[in-house]
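Structure first, commentary second.
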Amino acid sequence: MDKEQRKHATSMAKQDVLDRIHNFYEVALGYTQEQAMAEAERCLQCPNPRCVQGCPVDIDIPAFIKEIKEGNFLAASAKIKEKNSLPAVCGRVCPQENQCQKMCVIGKMGDPISIGRLERFASDYERKMGVNIPDKDVAPVTGKVAIVGSGPAGLTVAADLVKLGHEVAMFESLHLAGGVLMYGIPEFRLPKEIVQAEVEYIKKLGVDVKTNYTIGRIFTIDELFADGFDAIFVGSGAGLPRFMGIPGENLGGVYSANEFLIRVNLMKGYLFPEYDTPIRIGKNVAVIGGGNVAMDSARCSLRLGAEKVYIVYRRSREELPAREEEAENAEEEGIIFRLLNNPTKFVGDESGWVSGMECIKMELGEPDASGRRRPVPVEGSEFMMDIDTAIIAIGQTPNPLIQRTTEGLETTKWGTIVVNEETGAATKEGVYAGGDVVSGAATVISAMGAGKKAAKGIHEYIKKKKGGK
Ligand code: FAD
Ligand code: SF4
């Protein structure tokens, strides 16, 4: 392969935009075998691979890419699974552009290697072949661990601990395991069948997944200890929606993104009346926020039949926190971006339904604590938008149930659990935590990275507790 060829990434097919805005099927279609091998061919197999430094779960990236290049697709998947138990999920939703791919040396002269697409290809290949690689040498059971929450953090801790020989029970309050992967991210970005296949893999490793168990209600953390668990990992996420606190937020037709996406995804509102979840979407929908949650809400609204869907975001395109790929997909689909605008109030009609949203124009001032330029209102620039549905997607905080029902668990003023960053140990003996409940709303791979650290921390703790065995 010459230098010029190496510069360009192999493109991946997508569903045609005019079709996909009317359905919930997956937008990105994945690589064919030939495309995957061609992309793998571009990798330089660096002796000191910078891409691995950018991977929070430390996947041996050049090694799995080499297997793909040589046509050993199952071996590629096995290599990834040494470090990552959710590869089909990560290959689809991880912000690789800010992690492994950002570090890839080829990025200096052209497009970085499409590591995420290759990861997706290998894991999809394995799933289609019906081969789920079982773990061979599981050590004898040493400890008994409870995991609270079955999102990416909990699933990672669970998989790593069973592989280390512990008995693991996972408690999930919803009826299906997967956390945000099931209830938040829509089908057209992450098919639920794929999430469940990865949950099945973790069950096959030996994790006992118990759904419909809300810890803090059915059992408290202390009751779990009394029941014989040696350690408990809290991965309860950040599922509590934030609101803006502006007039009219309680009007009909104003949703939190959480409620909206749960109804659409987990309760299959998009398949109404086949599924019994009616969801009323108007003609003119405003989604407030600029992250992945906002993009997902906007794109779901469009697919549910809205005529005009606006993203209303108080900063500029440059600061948009959503993945670039998803913002581009949203634009392609016809979502209208109203940037540097911020809502100030909602107004309603005589039946109490939202009929308009007053906004104010913003400009960017000096950088704030996050390093991004602070949005400042432009005095006297208020204007009205005609809308009949609003979806608020300005962030989430942790649900306080575990924190409130557990003595000795230190939390921050944002309700996140305080932990030792290296081990994931919380301030109460035997309790560990990680993922969004510690960091606040973040990413799948950062939750998994925290899960890996906590699994090591728990393993060491149990070994010590049991006298170093
Ligand atoms: P979660 O995934 O939130 O899982 C926590 C689980 O704990 C939930 O299933 C919850 O029901 C359960 N639980 C809570 N309390 C209890 C209790 N008391 N007892 C038992 N169970 C409990 N990240 C990306 O990297 N890429 C993306 O494209 C992306 N898109 C997103 C789109 C949306 C709509 C949302 C909401 C988030 C998105 N994220 C994305 C963020 C990512 O999904 C989260 O950072 C990640 O899921 C956090 O994992 P977690 O395991 O900490 O928590
Ligand atoms: Fe391959 Fe890029 Fe990693 Fe080097 S940095 S091994 S080229 S993916």
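Basically our numbering = 1-based index in the sequence shown + 1250. No residue lacks a Cβ here, since even glycine has one placed at the ideal position from N, Cα and C.
Please report the straight-line C-alpha distance between residue i and residue j, rounded to a whole angstrom.
i	j	result
residue 1519	residue 1641	16 Å
residue 1493	residue 1256	47 Å
residue 1365	residue 1401	23 Å
residue 1653	residue 1481	16 Å
residue 1530	residue 1503	8 Å
residue 1315	residue 1475	43 Å
residue 1669	residue 1682	7 Å
residue 1460	residue 1424	10 Å
residue 1310	residue 1633	53 Å
residue 1506	residue 1596	14 Å
residue 1448	residue 1266	28 Å
residue 1466	residue 1486	11 Å
residue 1516	residue 1560	24 Å
residue 1312	residue 1479	39 Å
For residue i, which option in the options has the closest C-alpha, if you only look at C-alpha atoms?
i	options	result
residue 1709	1699, 1686, 1680, 1687	1680
residue 1288	1258, 1303, 1590	1258
residue 1363	1378, 1347, 1601, 1377	1347
residue 1462	1281, 1290, 1421, 1613	1421
residue 1354	1373, 1293, 1496	1293
residue 1700	1716, 1499, 1675, 1380	1675
residue 1635	1601, 1593, 1673	1593
residue 1646	1535, 1544, 1673	1544
residue 1319	1714, 1428, 1487, 1372	1372
residue 1437	1324, 1274, 1524	1274
residue 1453	1427, 1308, 1581, 1439	1427
residue 1627	1565, 1446, 1392	1565
Please list the terminal residues of the continuous beta strand (DSSP E) segment that includes residue i.
i	result
residue 1421	1417-1421
residue 1342	Run containing residue 1342: none in the beta strand (DSSP E); it sits in the alpha helix (DSSP H), 1337-1343.
residue 1486	Where residue 1486 is concerned, there is no enclosing beta strand (DSSP E), given that its DSSP letter is neither H nor E.
residue 1376	Note, residue 1376: premise wrong, no beta strand (DSSP E); alpha helix (DSSP H) at 1365-1378.
residue 1642	1639-1642
residue 1594	1591-1598
residue 1536	1534-1538
In this structure, how does DSSP classify residue i when only helix, strand and coil are distinguished?
i	result
residue 1711	helix
residue 1502	strand
residue 1464	coil
residue 1355	helix
residue 1585	coil
residue 1399	coil
residue 1614	strand
residue 1609	strand
residue 1604	strand
residue 1703	helix
residue 1627	strand
residue 1494	coil
residue 1636	strand
residue 1252	coil
residue 1446	helix
residue 1307	coil
residue 1746	Given a span of 1251 to 1719 for the chain in the structure shown, any question on residue 1746 remains unanswerable.
residue 1653	helix
Need the endpoints of the alpha helix (DSSP H) that residue i sits in, please.
i	result
residue 1683	Note, residue 1683: premise wrong, no alpha helix (DSSP H); beta strand (DSSP E) at 1681-1683.
residue 1287	1283-1291
residue 1799	Absent from the model: residue 1799. The displayed extent of the chain is 1251 to 1719, so no value can be given.
residue 1312	1311-1319
residue 1561	That residue, residue 1561, is in no alpha helix (DSSP H); its beta strand (DSSP E) goes 1558-1563.
residue 1687	1686-1689
residue 1542	1542-1553
residue 1324	1323-1331
residue 1516	Premise fails: residue 1516 is in no alpha helix (DSSP H) and is neither H nor E.
Looking at the ligand ATP, does it come within less than 7 Å of residue i, judged from the CB to the closest heavy atom?
i	result
residue 1300	What this structure holds is the ligand FAD and the ligand SF4, not the ligand ATP.
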